[in-house]
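*Asks:* If you scroll down you'll find the structure; I have some questions about it.
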Amino acid sequence: MNKRTITLLLAFALLSIFGIVIIQIYWVRRAFDANRKQNEQKIQVALQNIAEKIADYSKTTLPSSSPINQLSSDYYTVSVNCEIDAAVLEYFLKNEFSKRNIQTDFEYGIYDCDSEKMVYGNYISIHQKDEVNKKLKKELPKWEGQNYYFGVRFPSVSSQLASEMDIWIFLSIILLLVIFFLVYGMFFIITQRQFSQAQKQFINNITHELKTPISILGIAAKVLTTEEKQEERKKQYAIIVKEQTERLSSQVEKLVELLMLERSSYVPLSLEKMNLQKTIKETIESFELEVLAKKDFENQDFNIEFNSLEEDIFIEADKVHFQNMLHNLLENAFKYNQNTPFVEIAIQKTKNKIILSIKDNGIGIDKKFQKRVFDKFFRIQTDDIHTTKGFGLGLSYIKQVIKAHKWKIKLESELSRGTIFLISIDVY
Numbered sequence: 148m149n150k151r152t153i154t155l156l157l158a159f160a161l162l163s164i165f166g167i168v169i170i171q172i173y174w175v176r177r178a179f180d181a182n183r184k185q186n187e188q189k190i191q192v193a194l195q196n197i198a199e200k201i202a203d204y205s206k207t208t209l210p211s212s213s214p215i216n217q218l219s220s221d222y223y224t225v226s227v228n229c230e231i232d233a234a235v236l237e238y239f240l241k242n243e244f245s246k247r248n249i250q251t252d253f254e255y256g257i258y259d260c261d262s263e264k265m266v267y268g269n270y271i272s273i274h275q276k277d278e279v280n281k282k283l284k285k286e287l288p289k290w291e292g293q294n295y296y297f298g299v300r301f302p303s304v305s306s307q308l309a310s311e312m313d314i315w316i317f318l319s320i321i322l323l324l325v326i327f328f329l330v331y332g333m334f335f336i337i338t339q340r341q342f343s344q345a346q347k348q349f350i351n352n353i354t355h356e357l358k359t360p361i362s363i364l365g366i367a368a369k370v371l372t373t374e375e376k377q378e379e380r381k382k383q384y385a386i387i388v389k390e391q392t393e394r395l396s397s398q399v400e401k402l403v404e405l406l407m408l409e410r411s412s413y414v415p416l417s418l419e420k421m422n423l424q425k426t427i428k429e430t431i432e433s434f435e436l437e438v439l440a441k442k443d444f445e446n447q448d449f450n451i452e453f454n455s456l457e458e459d460i461f462i463e464a465d466k467v468h469f470q471n472m473l474h475n476l477l478e479n480a481f482k483y484n485q486n487t488p489f490v491e492i493a494i495q496k497t498k499n500k501i502i503l504s505i506k507d508n509g510i511g512i513d514k515k516f517q518k519r520v521f522d523k524f525f526r527i528q529t530d531d532i533h534t535t536k537g538f539g540l541g542l543s544y545i546k547q548v549i550k551a552h553k554w555k556i557k558l559e560s561e562l563s564r565g566t567i568f569l570i571s572i573d574v575y
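Here the sequence shown is numbered in this note's numbering, starting from 148 and rising by one per residue.
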């Protein structure tokens, strides 16, 4: 399955998940609205019956128009053509709401024609025997243009309706959990696929890296055992055998080092107080001798410049890992370079930090790859992945060394303009 197909499937899956969430929200909203409308109808029927009972009790008639008026989602007023007794009204309210199974708290008030104000009646709690009302509002809004009426408010109707939708809430939570694990599984599969591709690339690289020296060793051994040539000729093949054996040994050592790092989540350190400038100079000298000794760099100019500070700087670090880290950065600067290699190493010191910068004039790293260059086995794809030797472990090893020392590393690079690695070392 190619990358484009996976991208399309991922996009379709995310759109589907988004659509499911929207549909679920829509149906929960509809269920809530339906439940609210049903509850409002029950309340209006109950209030209509209460108005009729008050009319019968006072031997009057109800207004010609509908006596029920809903002023808000939780407040209703009921018109009558007589004065209202609070005790009688409360009795009718409790009795009728109980018949209609309206299980929510309510409060009521009666309009006083003499004072032209709403007189607060009482707060009735359905679920509590103690009807103490210290936190409730003592005012109900006035209904202009009416003489005899009472008002009823249901302050907790919204929470009551929500509590009646527990099955919907439970199903929504289950759906969200399923979606979460589905998304997590999708990204886990994608991550595993990327890792699988990296492993495949690693196997291709190691196959090539080990196959070449083995082939050369075989040819050289055949020549040494079969050809009767001059001693100088045999000496040349013996040198080839030596070089390829060292190369093969180096690759095996890298594999062993990889396995050790794979089994542990950290790089074991042997910290010591070391002179930073002296250690850098030793590493540069060793690398320069190594470059000059290699056939690949014969008669090739190169320059490594070290801009140091006058004062000696001492840090706590593992000297071996530090030199390996710097060696890898220098090696990359030479390997990924189409010009005359030039590397500039500099030290800057602030109040509590030391910044070590390694700048080269190589081919640079595209911005889209910069976040992945420290990943294990990752190598930037070219037309021929074996143009430059390696397993894609160098920068991953550097990242682990930096992490083990609790330092920080930053990468700045542009294509065809080189790369800068900035290592921040805390000073205590």
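Yeah, the Cβ is synthetic: ideal placement off N, Cα and C, and Gly gets one too. If you're wondering where the values come from, they're calculated on a predicted model, not measured in any experiment.
Which residues mark the beginning and the end of the beta strand (DSSP E) in which Leu569 is found?
*Replies:* Within the sequence shown, numbered from 1, the residue matching residue 569 stands at position 422. Looking at the DSSP string, the run of the beta strand (DSSP E) that includes Leu569 is Thr566 to Asp573.
*Asks:* On the CB-based measure, 16 or more other CB atoms within 10 Å of its CB, does Arg564 come out buried or exposed?
*Replies:* Mapped onto the sequence shown, residue 564 falls at position 417. Under this definition Arg564 is an exposed residue.
*Asks:* Can you tell me whether DSSP reads Asp259 as helix, strand or coil?
*Replies:* For the purposes of this step, residue 259 is taken as the residue at position 112 of the sequence shown. The answer is strand: DSSP assigns Asp259 an E or B state.
*Asks:* My parser needs the beta strand (DSSP E) runs of 3 or more residues fully inside the segment 447-476; what are they?
*Replies:* Runs of the beta strand (DSSP E) inside the segment 447-476: 450-454 and 461-464.
*Asks:* Rounding to the nearest angstrom, what Cα-Cα distance links Ile510 and Gln485 in this structure?
*Replies:* As a working note, residue 510 is residue 363 in the sequence shown. As a working note, residue 485 is residue 338 in the sequence shown. Rounded to whole angstroms, Ile510 to Gln485 spans 7 Å at the Cα level.
*Asks:* Give me the Cα-Cα distance between Val574 and Ala464, rounded to the nearest whole angstrom.
*Replies:* As a working note, residue 574 is residue 427 in the sequence shown. As a working note, residue 464 is residue 317 in the sequence shown. Distance between the alpha carbons of Val574 and Ala464 is about 11 Å.
*Asks:* For the beta strand (DSSP E) holding Ile271, just list the boundary residues, first then last.
*Replies:* Start at 1 with the first residue of the sequence shown, and residue 271 comes out as number 124. It spans Lys264 to Ile271 - the beta strand (DSSP E) in which Ile271 sits, taken as one unbroken run.
*Asks:* Drop a sphere of 10 angstroms on the beta-carbon of Gln185, count the other beta-carbons inside from all chains shown, and report buried for 16 or more, exposed for fewer.
*Replies:* As a position in the sequence shown, residue 185 is number 38, starting the count at 1. Answer is exposed; the Cβ neighbour count stays below 16.
*Asks:* Leaving out the 5 sequence neighbours to the left and right, which residues in its chain are closer than 8 Å to Phe444 when beta-carbon positions are compared?
*Replies:* The residue given as residue 444 occupies position 297 in the sequence shown. Because the pLDDT at Phe444 is just 48, under 50, the model does not fix this residue reliably, and the value given afterwards should be weighed accordingly. Result list for Phe444: Val438 and Phe481, in chain order.
*Asks:* To the nearest angstrom, report how far apart Glu561 and Tyr173 are at their CA atoms.
*Replies:* Residue mapping note: residue 561 aligns to position 414 of the sequence shown, counting from 1. Residue mapping note: residue 173 aligns to position 26 of the sequence shown, counting from 1. Glu561 and Tyr173: Cα-Cα distance of roughly 49 Å.
*Asks:* Under DSSP, the alpha helix (DSSP H) around Asn486 begins and ends at which residues?
*Replies:* Counted from its first residue, the sequence shown places residue 486 at position 339. Neither: Asn486 is in no alpha helix (DSSP H) and is coded neither H nor E.
*Asks:* Measure the C-alpha to C-alpha separation of Val304 and Phe179 and round it to an integer number of angstroms.
*Replies:* The residue given as residue 304 occupies position 157 in the sequence shown. The residue given as residue 179 occupies position 32 in the sequence shown. The straight-line gap from Cα to Cα measures roughly 12 Å.
*Asks:* Can you give the Cα-Cα distance for Leu436 and Asn499, rounded to whole angstroms?
*Replies:* Indexing the sequence shown from 1 puts residue 436 at position 289. Indexing the sequence shown from 1 puts residue 499 at position 352. Cα-Cα distance, rounded: 35 Å.
*Asks:* Inspect the beta-carbon positions of Met421 and Ile462 and report whether they are closer than 8 Å.
*Replies:* Numbered from 1 along the sequence shown, position 274 holds the residue referred to as residue 421. Numbered from 1 along the sequence shown, position 315 holds the residue referred to as residue 462. Going by C-beta atoms, Met421 is nearer than 8 Å to Ile462.
*Asks:* Leaving aside the five residues before and after Asp221 along the sequence, list all residues of the same chain whose C-beta is less than 6 Å from its C-beta, in chain order.
*Replies:* Mapped onto the sequence shown, residue 221 falls at position 74. These residues qualify, in order along the chain: Arg300, Phe301 and Val304.
*Asks:* Please classify Ile133 as buried or exposed, where buried requires at least 16 other C-beta atoms within 10 Å of its C-beta.
*Replies:* A question about residue 133 goes unanswered here, because the residues of the chain that appear run from 148 up to 575.
*Asks:* Looking at the secondary structure, which residues open and close the alpha helix (DSSP H) in which Ser303 lies?
*Replies:* In the sequence shown, the residue the question calls residue 303 occupies position 156. Note, Ser303: premise wrong, no alpha helix (DSSP H); not H, not E.
*Asks:* From Leu157 to Ile321, what does the alpha carbon distance come to, in whole angstroms?
*Replies:* Along the sequence shown, one-based indexing puts residue 157 at 10. Along the sequence shown, one-based indexing puts residue 321 at 174. For Leu157 and Ile321, the distance between alpha carbons rounds to 22 Å.
*Asks:* If I'm right that Lys200 touches Phe239 with Cβ under 8 Å, what's the distance once you round it to whole angstroms?
*Replies:* The sequence position of residue 200 within the sequence shown is 53, counting from 1. The sequence position of residue 239 within the sequence shown is 92, counting from 1. Contact holds; Cβ gap of about 5 Å.
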